[in-house]
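In mature numbering (1 follows the signal peptide of the UniProt record, and there is no 0), the protein residues as written are -24 to -1, 1 to 1185. Built from N, CA and C at the ideal position, the CB exists for glycine as well. To start, the structure itself, in structure tokens.
What follows is the structure, given as structure tokens:
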């Protein structure tokens, strides 16, 4: 669209200049017609001399045949193309050599300067070399029109010293010249001397030193002012908006220029084009803008305008182009905009617009582009959008559109591109939609479409090139059709991922132009036969995450990207034979393949990604892999490869990731790996390698992950590692080897990648090894996993867990299960971004260094099974994110520190230390506990009492929660991490709203008796939408934090159609009860709307709620039925036992259940859980009575936990 504006500017300027030339020559017209003069010999000679000094440069924007080549010496030069003469005297007065791609030195003695009568000169879009001393422009005293746009490299601001002398200039264009610079003094001289200027174009001239107030001196006769991309800074002077003759104003792409639009902008009544794109203008749009009745093009995109879009735009009846993209406009779109009759392009994208589109309109007959993406538009898609007679581009993606696509009454035969992705559109695509026969690109992915697409209907779109219907889980693609001779002559890209396809779409063999096919994550099973796919000319094929058992052997031709991950493929690899060496990416992990890697894979000269992990492949790794000069991702994990790792990695190796974990490899690490200077991830864990610690890898400045776990590495780790080694290392795992000696203190000191990493709440989430951007010719690139395919296994909480994507802020050191001895180095305390530290199962002695209290981001600390002695440092209580602590089986003694996270750890954290005493151990300390040391305010050590928070999302500053939400399910632990605020006693308080907690999911009050004041109102009012409520089902419009009488209450008012919902989390206390929890939905009937909302909440995180209003004393028995919930949380927040015959548990496919109930154990409350399909977690608090025998019927029970109860029997 920027090109559109620029092109229109050029046309407008050319038309104005043509008028100017005609008017200026008209007085002489009669004499010129009667006695024309021939070109003067000296000027003809000058032109020919200039021609002889030029060369031609081949470029796409050049004219097919340069004008200068048509100059014929035998003809009068006034008849040459590009030459204009004064017919009274034969002088050359006009020269136009624009876009001829001429290359020449334009020095002071250039023959062009002999054309002293020139009035008009256009040398734009050429390759002239200007001198850095002086020019010769001062000889052109009569020059009125000068265009040097994009004509070559100019040095500094010397050119302006001669431009100042051209006092007759009416039009000056110096745009797009590298090296041209204009300071404030010379700009003022330009304005002072060139008083006749009506057209001034300085786009991309460096004017960073020009003070915007200097623009106040611009002459009132100025009609065209274009200062795009000039590095202007500061507030733009409002007086410029009062120039009475101004017809075009372009200030675009000055990213540090801004201010508010003044009311005086309405005085520019002659203005036709206004472009403020990419600046810093802000505030609301003044109503006086309605006075610009002659304006045809208006671009306010990429600024900070706010408020509602005013009706003023609807009064600009000549408006042809309107772009308000990327601002902060809110409210509904004024209906008057849809009545503009001349509008050809409308972009309101990336704002905060709400409400539906109008059902009927009277304008937009000439609308060619309609962009409304990335807003909050609701309602159905009006059918008139597909009937606009001139519309060719429609973009409504990323809104909240619902309902089906209506029948298209009058299909628009000009419509070419439609983008409706990421909405809530439902129903089947109407057959009339396929009457839009000129469609080229269609994307309706990530909606709720249903039905079946048949080949005969699809074939009606004869011009279709790209079709994306992915992520419509109930939409299918059928091979059956009523037509016989259907074809897809232009179809190039078909995306049907995550749908409901049952069989391979064999009809696509008639799509001879198809290049990209993605039908991953469907239900395609069985064998793909040769006849079904033969004849396709694919570049990219993605069949991953299906149930395929085999593919017939056939030649892949020029196929470059193949993704067959996570199927049921069996046999060996030869079916991937190819007729060429074009393969770029080959991903076949997660199958049942056997045999060896065939030698033919060495012929894939351009192979960049090879993923064969999680199969049963064996044999040796081919030596040729080290010679593949383009290979940057090699993943052979979890196979049965044996022998040595190839030592053939060549110079300038481009390998980024080498993952060989879980094989049977032997020998030493190949020293040729040092040739892979960009290596980021090296994972050789769980093999039989026998080597010493690879200090030599420290020269790899990009290495971030080093995993040597479970091998036979041995010897000491040197303490004299050079300071520049391993500068970016973030994960190092050498556990379960035979290392010995002291822990290397200097080695820990050089690990800069584990120090001062920006906290998670201050950085955008980035992942190690993400390759965004395309590999040679593959349009799908690595978008199968958002460009991130690196994964490693780490030990967390004693369980080995695979990180499918590795956050750059994830840092861990695991030196466990070796033979290290001696003290723990103080230098570890310098790694203040460390998240996991495991030194367990060694022979370490001495005291736990207090410097570990500086590891403020630490979440897991395991020092168990050593010979550590002395007291546990009080400084460890400063680790407010610590969720796992294991100090068991040492020789520690004394009081166990209290407060904060230490109040959350169980006996298991300290078992095997006979000298320890105090909670949670039953052994009491004989001596009175010394007072806790006072830390500074940053320690957050003053809390009211001990609450336990289970947090989801980014909340707990917890990277595990960011990338590993699934971990707890796999290892049978509660699925949210815990965060504590410890208490100091009655009457003291602090806010429970953690600055790092974005989402409060579950709150539990620990079993202490409480009294006194609870909370100061210090939690902030938040107007942003919490992550846990972000859903396409409900638009959250207000969040308010208030203070309850008994606690605090977070209210979220949401709108879904006409239904208003209020969700409350209220933490209260009462002197008769030790914990209370309420989850409430108010102002709700128990209808389908509430069910959908509950489903949304539960599916988005760790939270489930029950419809419990604040005035109820018992849990309601009504709940949503027939819903497929992922987790379910039930709470009886006041007193009494859970109601009998609770119906909530008849939901189908219940995966996890957390019961937090009070009263007597009542098996009927969860009796129906016997019928569930997967694991059950039952955690109960404050029950009394006997545990019912019926619990033995819960055959799927995974965890049963009754902590802190009063059970008997």
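Strand pairing of residue 669, partner residues [DSSP]: Residue pairing by DSSP places residue 669 opposite no residue, since no beta bridge is assigned to it.
Between the CA atoms of residue 707 and residue 786 - distance to the nearest angstrom: Separation of residue 786 and residue 707 (C-alpha to C-alpha, rounded to the nearest whole angstrom) is 8 Å.
Inter-residue spacing [alpha-carbon to alpha-carbon] between residue 44 and residue 73: Each residue's alpha carbon lies about 8 Å from the other.
Coil, strand or helix - residue 60 by DSSP: Reduced to three states, the DSSP call for residue 60 is strand.
Residues of its chain near residue 696, where Cβ-Cβ distance is below 8 Å and the 5 sequence neighbours each way are ignored: Hits under 8 Å: 722.
Contact set for residue 407: own chain, Cβ-Cβ below 8 Å, skip 5 residues either direction: Taken in chain order, the residues that qualify are 433.
C-beta contact flag for residue 1196 and residue 806 at 8 Å: Any property of residue 1196 remains undetermined from this structure, which presents the chain solely from -24 to 1185.
Of the residues 228, 637, 241 and 200, the one placed nearest residue 664, counting alpha carbons only: In terms of CA proximity to residue 664, 637 leads the group 228, 637, 241 and 200.
With 16 other Cβ atoms within 10 Å as the buried cut-off, status of residue 129: The C-beta of residue 129 has fewer than 16 other C-beta atoms within 10 Å across all chains shown, which makes the residue exposed.
Own chain partners of residue 97 with C-beta closer than 6 Å, once the 5 adjacent residues on each side are dropped: Contacts found: 71 and 122.
Residue(s) in a DSSP beta bridge with residue 72: Note: residue 72 sits in a beta bridge opposite 98.
Uninterrupted alpha helix (DSSP H) stretches inside the segment 414 to 479 (no shorter than 4 residues): The DSSP assignment places complete alpha helix (DSSP H) segments of no fewer than 4 residues inside the segment 414 to 479 at 431 to 434, in order along the chain.
Inter-residue spacing [alpha-carbon to alpha-carbon] between residue 294 and residue 256: Pairing residue 294 with residue 256, the inter-Cα distance amounts to about 27 Å.
Beta strand (DSSP E) runs wholly inside the segment 679 to 705, at least 3 long, in chain order: Segments of the beta strand (DSSP E) lying fully in the segment 679 to 705: 681 to 683 and 690 to 692.
CB of residue 113 within 8 Å of CB of residue 79, strictly: The answer is no: Cβ separation not under 8 Å.
Nonlocal neighbours in the same chain, by C-beta distance under 7 Å from residue 688, ignoring five residues either side: Close CB contacts of residue 688 within its chain, under the 7 Å cut and outside five residues either way in sequence, are with 664, 665, 666, 713 and 714 (chain order).
Spatially closest choice to residue 710 from 675, 642, 796 and 116, by CA coordinates: Ranking the options by Cα distance to residue 710, first place goes to 796.
Straight-line gap, residue 382 to residue 318 (C-alpha atoms, nearest Å): Whole-angstrom Cα-Cα distance: 27 Å.
Between the CA atoms of residue 140 and residue 23 - distance to the nearest angstrom: Their Cα atoms are separated by approximately 26 Å.
Reduced DSSP secondary structure (H/G/I, E/B, other) of residue 165: The answer is helix: DSSP assigns residue 165 an H, G or I state.
Outcome for residue 880 when other beta-carbon atoms lying within 10 angstroms are tallied against a minimum of 16: Result: buried.
Beta bridge counterpart(s) of residue 587 as assigned by DSSP: 563 and 611.
For residue 17, three-class secondary structure by DSSP: In the structure shown, the three-state DSSP call for residue 17 is helix.
Residue 721: first and last residue of the uninterrupted alpha helix (DSSP H) it sits in: Per DSSP, residue 721 belongs to the alpha helix (DSSP H) from 721 to 725.
Option in 813, 801 and 803 with minimal Cα separation from residue 791: Per the Cα distances, 813.
Span separating the alpha-carbon of residue 296 from that of residue 578: Taking the straight line from one Cα to the other gives about 58 Å.
Residues near residue 520 in its chain [Cβ-Cβ closer than 8 Å; skip 5 each side]: Within the same chain, residue 520 has close Cβ partners 496, 497, 539, 540, 541, 542, 543, 563 and 760.
Contacts around residue 249, its chain only, beta-carbon distance under 6 Å, and the 5 residues preceding and following it disregarded: So the list reads 224 and 273, once near-sequence residues are dropped.
3-residue-minimum beta strand (DSSP E) runs that sit fully inside the segment 864 to 910, ordered along the chain: Every unbroken stretch of the beta strand (DSSP E) spanning 3 or more residues and falling wholly within the segment 864 to 910 is given here in chain order: 867 to 871 and 891 to 893.
Paired residues, beta bridge with residue 332 - DSSP: The partner list for residue 332 (beta bridge, DSSP) reads 354.
Which listed residue (172, 718 and 677) has its alpha carbon closest to that of residue 692: Residue 718 is the option with its Cα nearest to residue 692.
Simplified DSSP assignment, three categories, for residue 46: Look at residue 46 here: in three-state DSSP terms it is helix.
Helix, strand or coil at residue 411 according to DSSP, with G and I counted as helix: When secondary structure is reduced to three states using DSSP, residue 411 falls in the helix class.
Span of the alpha helix (DSSP H) around residue 506: 506 to 509 is the extent of the alpha helix (DSSP H) around residue 506.
Backbone secondary structure at residue 635 - three-state DSSP: When secondary structure is reduced to three states using DSSP, residue 635 falls in the strand class.
Helix, strand or coil at residue 1202 [DSSP, three-state]: The chain is shown from -24 up to 1185; residue 1202 falls before or after that span and cannot be answered.
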